[in-house]
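Novice: Chains as they are written, first to last, in our numbering: chain C, 141 to 416; chain U, 3 to 422.
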Amino acid sequence: MSDNSSLRTPSQRIAWAATVVVSTLVFIFLMAPILAIMPLSFSSGSYLTYPLPGFSLRWYDDFISSPRWMNSLKNSMIIGIASTLLSMVLGTTAALGLAQWKSRFKPLVLAFVLSPVVVPGVITAVGLYFFFAPIGLTGSYLGLILAHTALATPFVVITVGATLQSFDTNLARAAASLGASPLQAFRRVILPLILPGLASGALFAFATSFDEVVIVLFMAGPEQRTLPREMFSGIRENISPTITAAAVILTTISVILLATLEALRRRNERLKGSGG
Amino acid sequence: MTNALLTGANASTEVPLKRRLRRAERTRQAKALALVLPLLLFLLFTFAGPIAGMLWRSVEDWEVRQVLPQTVAALASWDGKDLPDEKAYAALASDILAARAAGTIAIAAKRLNYALNGFRTILTSTARNLKAVPEPGTAKETLGKINPAWRERATWTTIKDAGGPITGFYLLAALDLTRNADGAIVAAPPDQAIYRDIFLRTFLISLGVTVLCLILGFPVAYLLATLPPGKSNLLMIFVLLPFWTSLLVRTCAWIVLLQSKGVVNDSLLWLGFIDAPLRLIYNRFGVCVAMTHVLLPFMILPLYSSMKAISPAYMRAAASLGAPPLTAFLRIYLPQTLPGIGAGSLLVFILALGYYITPALVGGAADQMISYFIALYTTETANWGLASALGAVLLLATVLLALVYGKLVQGQQVTGGMKN
């Protein structure tokens with residue numbers, strides 16, 4: 141389609157058409173679950189089948205008036221925001237350090253810092269369960285915040301690190317030569333420039349914590365159940381339409397996060413484009 | 003003289019400067035390390051420490067050692083060939099009485115029962131029927147009367163093997179192996195030998211999902227890499243939106259779609275393709291569909307970036323040199339996507355190996371992967387040694403694959419840098 145000059149022969153046209161058809165089917169496959177579940181949350185009936193008997197907001201009403209669901213939303217927010225803040229502090233300082241640190245151990249340290257992303261959730265969860273239980277950190281907000289921070293920080297290190305890589309260190313030197321203290325230079329020169337990177341890192345960190353369920357399954361007491369944890373029980377027991385309302389609320393939050401991230405990326409590209 | 007003085011003066015100003023620069027660099031490096039250190043310490047406490055603890059549990063053997071200390075000590079010098087001597091029987095009788103008073107019999111019984119089915123009954127019945135410390139010299143006879151199992155060598159080798167402080171028992175069990183009474187490593191009895199099948203199942207499901215992701219992801223990545231940026235950015239939303247949607251939401255949605263009265267079955271019935279609802283969920287099919295859906299973006303994104311880096315000039319050059327389109331694709335384009343295929347496939351495979359939530363929610367009993375059993379033994383049956391051993395095997399597989407992945411991605415970055 142784009143490069144029509146390269147689609148000269150009929151066989152090439154057929155191959156391209158096949159690519160388009162298969163891709164369209166895959167896009168449908170990718171989007172179908174999300175699209176199928178949304179209308180059901182607005183159903184007035186209590187069965188999860190089409191056609192819908194009518195439109196209503198009763199399941200959202202059910203969600204909002206249920207202390208169980210609202211408590212889980214509150215928990216997800218508390219744990220998500222706290223672990224985002226903590227992972228931002230730890231991840232940004234580490235990324236700043238890693239950008240300057242020269243050592244043959246650097247790849248090893250980097251691999252260690254990023255390993256929480258790769259290690260299967262169950263292994264981290266079991267390890268934490270054994271480790272945190274004797275010191276009273278299971279069944280507590282603090283334990284979950286610490287665990288989620290460990291999972292979220294690698295994303296902060298990656299995003300902030302990538303931003304720092306494209307950061308012109310001469311700007312920091314210029315600030316220093318003009319008499320700025322290191323802290324001033326960071327606050328007035330470095331920070332505004334890497335802010336989009338920091339924001340992306342924070343979004344990734346929040347999304348990681350907000351979506352995490354395996355560690356919560358092992359470590360949360362009844363008081364700390366998060367939204368995904370509540371959905372897990374709901375799906376296990378029986379899927380009521382209230383879950384579809386919860387799903388739509390979760391998806392909406394994801395869409396907002398994704399849109400913000402995309403806007404940040406565009407802004408960053410524009411800045412780079414104007415600079416170059 | 004003047005020459006020597008000059009060089010001397012030069013040296014005296016130069017060396018301190020060099021040293022000063024080196025010192026400044028050292029301070030800079032120390033400061034950089036100090037910035038990384040808090041995160042390293044944090045991860046030591048919240049990640050590396052817990053995992054090391056889990057690995058330790060897979061070889062730790064404390065129960066029998068703690069509950070039957072005198073017996074373990076008495077058996078230390080036993081050669082295991084014949085029945086142990088009277089001293090060991092007396093030690094056991096004394097240990098059992100002490101453990102009964104302390105209420106710790108069940109701890110040792112549980113551990114010994116893992117190694118020898120029925121040991122729990124042997125130990126509890128002995129604890130119930132042993133009235134008092136046997137007269138000196140009669141312990142062997144007394145215990146043998148209470149339970150004839152004490153006259154069997156296997157009963158005693160089991161205690162000796164479980165005497166700790168470390169054991170290969172759980173790691174062997176995780177690979178369907180065990181030690182026989184002579185200490186040789188042999189295949190575990192068939193009723194306990196289930197883990198190789200589970201590892202094989204985990205491997206096959208992961209492999210199947212990886213292949214499905216590659217087949218579905220390749221055309222999409224190709225399309226996205228070939229379309230002009232405006233269109234491909236728009237279509238990219240279809241990949242990124244599911245990527246960002248909660249795993250639980252997607253799993254829930256697949257149940258809604260695939261259940262017997264779900265959207266897919268209803269549509270097929272309505273269209274007349276089928277007469278009765280198909281069983282599409284709580285089986286292997288449902289697990290593969292849901293996992294492929296979750297992992298597909300992890301395949302598309304690396305493929306897309308490797309295809310994006312391929313210059314269209316190569317294909318034009320191949321065409322101008324007379325290569326038919328298919329030949330040009332197979333010999334010029336495809337080889338250049340291999341690093342992307344490798345990275346995407348490894349990533350999907352690594353992530354699939356550790357899957358727990360999706361199979362637990364959309365799979366049947368025969369579709370549970372290794373993570374499910376690790377979770378089961380941790381929280382339900384509290385067989386922490388076995389849970390840790392299975393975890394150690396899974397961790398080893400993941401780490402090895404991740405190392406390969408690291409090499410692959412690093413190589414790509416190097417060549418990418420050279421191209422620029």
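Beta carbons are placed, not taken as given, at the ideal position from N, Cα and C, and that holds for glycine.
Candidates VAL266(U), ASN385(U) and ALA111(U): which alpha carbon is nearest ALA129(U)'s?
Specialist: Residue numbering aside, residue 129(U) sits at position 127 when the second sequence is read from its first letter. The shortest C-alpha separation from ALA129(U) is found at ALA111(U).
Novice: So ILE375(C) packs on THR253(U), CB below 8 Å; how close in whole Å?
Specialist: Numbered from its first residue, the first sequence carries residue 375(C) at position 235. Numbered from its first residue, the second sequence carries residue 253(U) at position 251. Sure, about 7 Å apart at Cβ, within 8 Å.
Novice: For a minimum of 3 consecutive residues, which ranges assigned as the beta strand (DSSP E) are wholly contained in the stretch 336 to 371 of chain U?
Specialist: Fully enclosed beta strand (DSSP E) runs of 3 or longer: not present.
Novice: Should the stretch 363 to 372 of chain C be called in touch with the stretch 167 to 180 of chain C, which here means at least 3 C-beta pairs below 8 Å?
Specialist: Because the criterion of three Cβ pairs below 8 Å is not met, the stretch 363 to 372 of chain C and the stretch 167 to 180 of chain C do not touch.
Novice: In its own chain, which residues sit with a C-beta less than 7 Å from the C-beta of ALA399(C), not counting the 5 before and 5 after it?
Specialist: For the purposes of this step, residue 399(C) is taken as residue 259 along the first sequence, with counting starting at 1. Cβ neighbours of ALA399(C) beyond the five flanking positions: none.
Novice: Based on the DSSP secondary-structure assignment, which residues constitute the bridge partners of LEU179(U)?
Specialist: Residue numbering aside, residue 179(U) sits at position 177 when the second sequence is read from its first letter. LEU179(U) pairs with ALA189(U).
Novice: Do the stretch 351 to 365 of chain C and the stretch 279 to 290 of chain C make contact, defined as three or more Cβ pairs closer than 8 Å?
Specialist: Contact between the stretch 351 to 365 of chain C and the stretch 279 to 290 of chain C is present, because at least three Cβ pairs lie under 8 Å.
Novice: Could you check whether the Cβ of MET171(C) sits closer than 9 Å to any Cβ belonging to chain U?
Specialist: Here residue 171(C) corresponds to residue number 31 of the first sequence, with the count starting at 1. For MET171(C), the answer is yes, since a Cβ of chain U falls inside 9 Å of its Cβ.
Novice: May I have the straight-line CA-CA distance separating LEU37(U) from VAL297(C), to the nearest angstrom?
Specialist: As a position in the second sequence, residue 37(U) is number 35, starting the count at 1. As a position in the first sequence, residue 297(C) is number 157, starting the count at 1. In a straight line, the C-alpha of LEU37(U) is about 12 Å away from that of VAL297(C).
Novice: Could one say the Cβ of ILE383(C) lies closer than 9 Å to chain U's Cβ atoms, at least one of them?
Specialist: Taking the first sequence and counting its residues from 1, the one referred to as residue 383(C) is at position 243. Taking Cβ atoms only, chain U reaches closer than 9 Å to ILE383(C), which makes this a yes.
Novice: Helix, strand or coil, according to DSSP, for ILE334(U) in the structure here?
Specialist: Residue numbering aside, residue 334(U) sits at position 332 when the second sequence is read from its first letter. Helix.
Novice: For HIS288(C), which option in PRO18(U), LEU23(U) and THR48(U) has the closest C-alpha, if you only look at C-alpha atoms?
Specialist: Within the first sequence, numbered from 1, the residue matching residue 288(C) stands at position 148. That would be THR48(U), whose Cα lies nearest to the Cα of HIS288(C).
Novice: Could you check whether the Cβ of LYS242(C) sits closer than 9 Å to any Cβ belonging to chain U?
Specialist: Translated into positions along the first sequence, residue 242(C) becomes position 102. At least one chain U Cβ lies under 9 Å of LYS242(C).
Novice: Distance check for SER205(C) and ARG406(C), CA to CA, integer angstroms please.
Specialist: Numbered from its first residue, the first sequence carries residue 406(C) at position 266. Numbered from its first residue, the first sequence carries residue 205(C) at position 65. Those two C-alpha atoms are separated by around 39 Å.
Novice: Out of GLY185(C), SER317(C) and SER255(C), state which residue places its alpha-carbon closest to the alpha-carbon of TYR407(U).
Specialist: What you label residue 407(U) is simply residue 405 of the second sequence in a count that begins at 1. Comparing Cα positions, the closest option is SER255(C).
Novice: In three-state DSSP terms, what is SER340(C)?
Specialist: In the first sequence, residue 340(C) corresponds to position 200, counting from 1. The answer is helix: DSSP assigns SER340(C) an H, G or I state.
Novice: So what's GLU62(U) in DSSP terms, helix, strand or just coil?
Specialist: Here residue 62(U) is taken as the residue at index 60 of the second sequence, counted from 1. Strand, per DSSP.
Novice: Can you pull the chain C neighbours of TYR358(U), defined as C-beta to C-beta under 7 Å?
Specialist: Start at 1 with the first residue of the second sequence, and residue 358(U) comes out as number 356. Chain C residues near TYR358(U): GLY261, VAL262 and VAL354.
Novice: Output the boundary residues of the alpha helix (DSSP H) element that contains PHE167(C).
Specialist: Position 27 of the first sequence, counted from the start, is the residue given in the question as residue 167(C). From DSSP, the alpha helix (DSSP H) with PHE167(C) extends over 150 to 181.
Novice: Any C-beta of chain C sitting closer than 9 Å to the C-beta of TYR306(U)?
Specialist: Stepping through the second sequence from its first residue, residue 306(U) is reached at position 304. It does not; no Cβ of chain C falls within 9 Å.
Novice: Does any residue of chain C have a CB that is nearer than 9 Å to the CB of ASP97(U)?
Specialist: In the second sequence, residue 97(U) corresponds to position 95, counting from 1. Cβ-Cβ to chain C under 9 Å: no for ASP97(U).
Novice: What three-state label does DSSP hand ILE168(U) in the structure shown?
Specialist: As a position in the second sequence, residue 168(U) is number 166, starting the count at 1. Of the three classes helix, strand and coil, the one that applies to ILE168(U) here is strand, per DSSP.
Novice: Since TRP199(C) is in the alpha helix (DSSP H), which residue starts that stretch and which ends it?
Specialist: Residue numbering aside, residue 199(C) sits at position 59 when the first sequence is read from its first letter. It spans 198 to 205 - the alpha helix (DSSP H) in which TRP199(C) sits, taken as one unbroken run.
Novice: Answer with buried or exposed for MET210(C), where buried requires no fewer than 16 other C-beta atoms within 10 angstroms of its C-beta.
Specialist: Counting from one through the first sequence, the residue named residue 210(C) turns up at place 70. Per the 10 Å Cβ criterion, exposed.
Novice: Grouping DSSP H, G and I as helix and E and B as strand, with all else coil, what is PHE201(U)?
Specialist: As a working mapping, residue 201(U) is identified with position 199 in the second sequence. It is helical.
Novice: Figure out for me which residue from PHE44(U), THR339(U), ALA320(U) and VAL17(U) has the closest Cα to the Cα of MET309(U).
Specialist: For the purposes of this step, residue 309(U) is identified with residue 307 of the second sequence, where counting begins at 1. Nearest of PHE44(U), THR339(U), ALA320(U) and VAL17(U) to MET309(U), Cα basis: THR339(U).
Novice: Measure from the C-beta of VAL253(C) to each C-beta in chain U and report whether the shortest distance is under 9 Å.
Specialist: Taking the first sequence and counting its residues from 1, the one referred to as residue 253(C) is at position 113. Yes, its Cβ sits closer than 9 Å to a Cβ of chain U.
Novice: Apart from the five residues just before and just after ILE67(U), which ones in its own chain have a Cβ nearer than 7 Å to its Cβ?
Specialist: Position 65 of the second sequence holds residue 67(U). The residue asked about is misnamed: residue 67(U) is Arg in this sequence, not Ile. So the list reads VAL74, GLY165, GLY166 and PRO167, once near-sequence residues are dropped.
Novice: How many Å lie between PRO191(U) and TYR379(U) at the Cα?
Specialist: Looking up residue 191(U) in the second sequence gives position 189. Looking up residue 379(U) in the second sequence gives position 377. Those two C-alpha atoms are separated by around 19 Å.
Novice: I believe PRO294(C) touches VAL257(C) by the beta-carbon criterion, under 8 Å. Please report the beta-carbon distance rounded to the nearest angstrom.
Specialist: Here residue 294(C) corresponds to residue number 154 of the first sequence, with the count starting at 1. Here residue 257(C) corresponds to residue number 117 of the first sequence, with the count starting at 1. With 8 Å as the limit, PRO294(C) and VAL257(C) qualify as a contact, their Cβ atoms being about 5 Å apart.
Novice: Would ALA292(C) count as contacting chain U if we go by Cβ distances under 9 Å?
Specialist: Here residue 292(C) corresponds to residue number 152 of the first sequence, with the count starting at 1. Cβ-Cβ to chain U under 9 Å: no for ALA292(C).
Novice: Between the stretch 360 to 370 of chain U and the stretch 279 to 297 of chain U, do at least 3 Cβ pairs fall closer than 8 Å?
Specialist: Contact holds: three or more Cβ-Cβ distances are below 8 Å.
Novice: Name the chain C residues that come within less than 7 Å of PRO192(U), Cβ to Cβ?
Specialist: One-based indexing of the second sequence puts residue 192(U) at position 190. None at all; the shortest Cβ gap to chain C is about 27 Å.
Novice: Is the beta carbon of ILE343(U) closer than 9 Å to that of LEU209(U)?
Specialist: Here residue 209(U) is taken as the residue at index 207 of the second sequence, counted from 1. Here residue 343(U) is taken as the residue at index 341 of the second sequence, counted from 1. For LEU209(U) and ILE343(U), no; Cβs fall outside 9 Å.
Novice: Straight-line CA distance for ALA90(U) to LEU132(U)?
Specialist: Counting from 1 along the second sequence, the entry for residue 90(U) is found at position 88. Counting from 1 along the second sequence, the entry for residue 132(U) is found at position 130. Cα to Cα, ALA90(U) sits roughly 16 Å from LEU132(U).
Novice: Do PHE240(U) and MET171(C) have their beta-carbon atoms positioned less than 9 Å apart in this structure?
Specialist: Counting from one through the first sequence, the residue named residue 171(C) turns up at place 31. Counting from one through the second sequence, the residue named residue 240(U) turns up at place 238. Yes, they are a contact pair.
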